[in-house]
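This report refers to the structure that appears directly beneath it.
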Amino acid sequence: MDTTTRGKFIVIEGTDGSGKGTQFKLLKKRLEADGYDVEVFDFPQYDQPSSHFVKEYLNGNYGTVDEVGPYTASLFFALDRYEAGKKIQDALDAGKIVLSNRFTGSNMAHQGTKFNHVEERRGYFIWLANL
40 MDTTTRGKFI VIEGTDGSGK GTQFKLLKKR LEADGYDVEV FDFPQYDQPS SHFVKEYLNG
100 NYGTVDEVGP YTASLFFALD RYEAGKKIQD ALDAGKIVLS NRFTGSNMAH QGTKFNHVEE
160 RRGYFIWLAN L
């Protein structure tokens, strides 16, 4: 691949069991067969220290989902994504295709359901997109 070309960032979003993992693997295999240099990221990054707060949250160690709230929960996931930011940027700068198994969209989908009013949800989406 021509490394003078900026890479591409492709995110595959979906719920558990939706076939996302299968499609992700097929896309990676195809891109590599076509000669692209592919770097893969999975979120949350359960094997990284940056996922500590995500794991604690998902295990209920900070209280119920309602007690934690969507803004705080989103910060846990954002910290995990932030940790990978430099690696993602370096891969893109090197002209690689970056495939991400989930990213901000999953956060929006999961936490966005916690809002009863459209305007509150919209405000949350704007906040998260700018985080």
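At the far end of the sequence shown sits residue 170, using this note's numbering, and the numbering has no gaps.
The beta-carbon is built from N, C-alpha and C at its ideal position, and this holds for glycine as well.
Which whole-angstrom value describes the C-beta separation of residue i and residue j, a residue pair presumed to lie in contact below a C-beta threshold of 8 Å?
{"i": "Asp76", "j": "Ile136", "result": "7 Å"}
{"i": "Tyr96", "j": "Val79", "result": "Not a contact, Cβ separation roughly 24 Å."}
Could you tell me if residue i is buried or exposed, where buried requires 16 or more neighbouring beta carbons within 10 angstroms of its beta carbon?
{"i": "Gly99", "result": "exposed"}
{"i": "Gly56", "result": "exposed"}
{"i": "Ala123", "result": "buried"}
{"i": "Arg69", "result": "exposed"}
{"i": "Tyr163", "result": "buried"}
{"i": "Asp119", "result": "buried"}
Strictly by DSSP, which residues pair up with residue i?
{"i": "Ser139", "result": "Val50 and Phe80"}
{"i": "Gly102", "result": "Asn100"}
Would you kindly check if the distance between the Cβ of residue j and the Cβ of residue i is under 7 Å?
{"i": "Val93", "j": "Pro83", "result": "yes"}
{"i": "Gln150", "j": "Ala112", "result": "yes"}
{"i": "Leu131", "j": "Gly46", "result": "yes"}
{"i": "Phe63", "j": "Ile51", "result": "yes"}
{"i": "Thr44", "j": "Gly134", "result": "yes"}
{"i": "Leu170", "j": "Met147", "result": "no"}
Is there a Cβ of chain C sitting closer than 7 Å to that of residue i, yes or no?
{"i": "His156", "result": "Absent from the structure is chain C; it holds one protein chain and no more."}
Spell out a yes or no on whether the region 85–105 and the region 136–145 are touching, meaning 3 or more CB-CB pairs, one atom from each, closer than 8 Å. No, they do not touch.
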